[in-house]
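A.B. asks:
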Amino acid sequence: MSTPIRVYLARLAGVAVFDPNGDQVGRVRDAVARLRPAQRPPEVVGLVAEMPMRRRIFLSINRITSIDADAIVLGSGTLNLRRFEKRPNELLVLQELLDRRVQVEPEGRAATVVDVAMERSRGGEWSLIRLAVREQTGRLARRGSLQQVEWEKVRGLSGVADTRGTANLLAILSDMRPADLANALQDLPDARRNEVAAALDDQRLADVLSELPERDQVEILAALGRRRAADILEEMDPDDAADLLGELPPPEQDVLLDLMEPNEANPVRQLLKYTPGTAGSVMTSEPVILPPDATVAEALARIREPQLSPAVAAQVFVARTPMATPTGRYLGMVHFQRLLREPPADLLGGVVVNDIDPLRPTTPLPEITRRMATYDLVAMPVIDRNNRLVGAVTVDDVLDHSLPRDWRDRAGASTTSEATMNPATATRERRDG
């Protein structure tokens, strides 16, 4: 593979990075450029790559031997594993330039930045030379023409964040998993983060909010306005919505709950009543529940529904009607592996298992953890004093509430030492271009 002379950076977002042995290091998330005086185009000094566990590191441009649309290849397996931090004279190209509204000289035509190209000089230096911009026509039904222009002919490439939209940045982020998108949002300035979050559709934003630290969740929710915030809470799983509302003052909780549809708000209200650190406070109130006369085939079809998380879909809980929590009398559960071994026409009442005592809403988290570990379970039923199923605690619920409170916070997370991550190749080289 040979490195091209010109590379449009938005096309590199998400591209895999490999070391010389063919092992994947991470994926490209942005490019780092150093600002220079006298209107000189910024010099590209490296890329930002995201490694496993959401750790972002700097890759010097001088260590990259090949760049194409499918892969970035490094010339050395030695990496600087310190967490990337932008310096005052640096620019994160995709984060700060995409969707920026600019003027193109000499006429001063209004345009929006769609992409930014870096080019390599004969001396091997990479600079931001060209931009792809779309002219603004002022007509809602008509898109402006797309053109390439030299860096020097564009005005407005520096300045306040309110000169930017979100369309092109959202296009880059669209294929990310919710956890990765949440991670990317944490790298944005607060105003930009809130702007991008507000541009997501309700379901996408609900999924992303569930992956963010509580502080960011609250700030984004406040920036949305109460009506939109209530819509987002309706899209969240009741337990996640309850966790988020639990971070707000009670008067604000009541306002948002009143704005939600009653059938969406009622399960959340119930979860908020439970004592923190108990099964009732961490459970999901919407596990997979079927009656005993449902067939194995019906149960398998139910757990195949794509919106179910793996932990929730791992077992079916069997109860008498009604099926919504709190149900009729709880009868037991069936793990999906048992369902796969039984004839499709058999009834769940004939294969149900009830030899493990269910949890109570007041069961404390340490006891839940011990029992799930003892029986190798990924979920346990929670029943009330009348033997009605009120929810289920899943292993991801337990993990979420057992980890340190700031485990989702990139800024607050503990730094893993370089030696721990890669003792053979870790280094602390300076980022000097």
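Reminder that position 170 of the sequence shown reads as 169 in numbering that gives the first Met the number 0, one-by-one numbering, no gaps.
Think of the CB as a built atom: it goes at the ideal place given N, C-alpha and C, for glycine as much as any other residue.
On a predicted model such as this, the values are computed, not experimentally measured, just so you know.
(1) The alpha helix (DSSP H) spanning ILE231 covers which residue range?
(2) Restricting to Cα atoms, I'd like to know which of ILE302, PRO51, MET332, ILE219 is closest to ALA15.
(3) Pull up the distance between the alpha-carbon of SER59 and that of ILE4, whole angstroms please.
(4) Just how far apart, CA to CA, sit VAL159 and ILE355?
(5) Cβ of GLY107 within 8 Å of Cβ of PRO19?
(6) Below 8 Å on the Cβ atoms is my guess for ASP395 versus ALA310; work out the distance and round it to an integer in Å.
(7) For GLY276, count neighbouring C-beta atoms within 10 Å of its own C-beta (all shown protein chains included) and say buried if the count is 16 or more, exposed if not.
(8) Whether or not the segment 288-303 and the segment 246-258 are in contact is what I'm after, with contact meaning three or more pairs of Cβ atoms, one per stretch, closer than 8 Å; do they touch?
(9) Bridge partners of MET332, per DSSP?
(10) Pick out the complete beta strand (DSSP E) segments inside the segment 60-129, 3 residues or longer, and give them in chain order.
(11) What are the complete beta strand (DSSP E) segments, minimum 3 residues, inside the segment 257-320?
(12) Note down the Cα distance separating LEU180 from ASP215, rounded to an integer number of angstroms.
(13) Which residues does DSSP list as the beta-bridge partners of VAL217?
(14) On the DSSP bridge assignment, give the partners of ARG133 in chain order.
(15) By a C-beta neighbour count over all protein chains shown, 10 Å radius and 16 as the cutoff for buried, is ALA140 buried or exposed?
(16) Less than 8 Å between the beta carbons of GLY390 and MET282, yes or no?
(17) With respect to the alpha helix (DSSP H) encompassing PRO41, which residues constitute its N-terminal and C-terminal limits?
(18) If we ignore side chains and look at the alpha-carbon of each, how far apart do LEU256 and ALA228 end up?
(19) Kindly give me the distance between the Cβ atoms of VAL351 and GLY327, rounded to whole angstroms, as I take these residues to be in contact under 8 Å.
(20) Determine, using beta carbons only, whether VAL217 and PRO237 come nearer to each other than 8 Å.
(21) Cutting at 8 Å between CB atoms, please list the residues of its own chain near ILE382, excluding the five before and the five after it.
C.D. replies: According to the structure data:
(1) Taking the sequence shown and counting its residues from 1, one reaches residue 231 at position 232. Per DSSP, ILE231 is one residue of the alpha helix (DSSP H) stretching across 225-234.
(2) To locate residue 15, count along the sequence shown from 1; it is residue 16. It is PRO51.
(3) As a first step, residue 59 must be located in the sequence shown, where it is residue number 60. As a first step, residue 4 must be located in the sequence shown, where it is residue number 5. About 17 Å.
(4) Here the question's residue 159 lines up with position 160 in the sequence shown. Here the question's residue 355 lines up with position 356 in the sequence shown. Because VAL159 carries a pLDDT of 44, less than 50, the predicted location of this residue cannot be relied on, and no value is offered for it.
(5) Working through the sequence shown from its first residue, we reach residue 107 at position 108. Working through the sequence shown from its first residue, we reach residue 19 at position 20. No. Outside cutoff.
(6) As a working mapping, residue 395 is identified with position 396 in the sequence shown. As a working mapping, residue 310 is identified with position 311 in the sequence shown. Yes, they are in contact, since the Cβ atoms of ASP395 and ALA310 sit about 5 Å apart, within 8 Å.
(7) On the sequence shown, position 277 is the one that residue 276 refers to. Exposed, by the Cβ-count rule.
(8) no
(9) Taking the sequence shown and counting its residues from 1, the one referred to as residue 332 is at position 333. PHE316, VAL352, per the DSSP bridge assignment.
(10) Fully enclosed beta strand (DSSP E) runs of 3 or longer: 63-66, 70-73, 89-91, 100-103, 108-119.
(11) 314-318
(12) Taking the first residue of the sequence shown as position 1, residue 180 is located at position 181. Taking the first residue of the sequence shown as position 1, residue 215 is located at position 216. Computed Cα separation, rounded: 13 Å.
(13) Translated into positions along the sequence shown, residue 217 becomes position 218. Paired residues: none, contrary to the question.
(14) As a first step, residue 133 is located in the sequence shown; it is residue number 134 there, counting from the start. Among the bridge pairs identified by DSSP, ARG133 is matched with THR111, LEU145.
(15) Within the sequence shown, numbered from 1, the residue matching residue 140 stands at position 141. Here the model assigns ALA140 a pLDDT of 48, short of 50, so the residue's position is not dependable and the matter cannot be decided.
(16) In the sequence shown, counting from the first residue as 1, residue 390 sits at position 391. In the sequence shown, counting from the first residue as 1, residue 282 sits at position 283. Result yes, Cβ atoms of GLY390 and MET282 sit closer than 8 Å.
(17) Start at 1 with the first residue of the sequence shown, and residue 41 comes out as number 42. Unbroken run through PRO41: none, as it is neither H nor E.
(18) Locating residue 256 in the sequence shown gives position 257, where the first residue counts as 1. Locating residue 228 in the sequence shown gives position 229, where the first residue counts as 1. The alpha-carbon atoms of LEU256 and ALA228 are separated by roughly 10 Å.
(19) What you label residue 351 is simply residue 352 of the sequence shown in a count that begins at 1. What you label residue 327 is simply residue 328 of the sequence shown in a count that begins at 1. Wrong, their Cβ atoms sit about 14 Å apart, outside the cutoff.
(20) Looking up residue 217 in the sequence shown gives position 218. Looking up residue 237 in the sequence shown gives position 238. No. Outside cutoff.
(21) What you label residue 382 is simply residue 383 of the sequence shown in a count that begins at 1. Closer than 8 Å at Cβ, skipping near neighbours: TYR329, PRO357, LEU358, ARG359, LEU388, VAL389.
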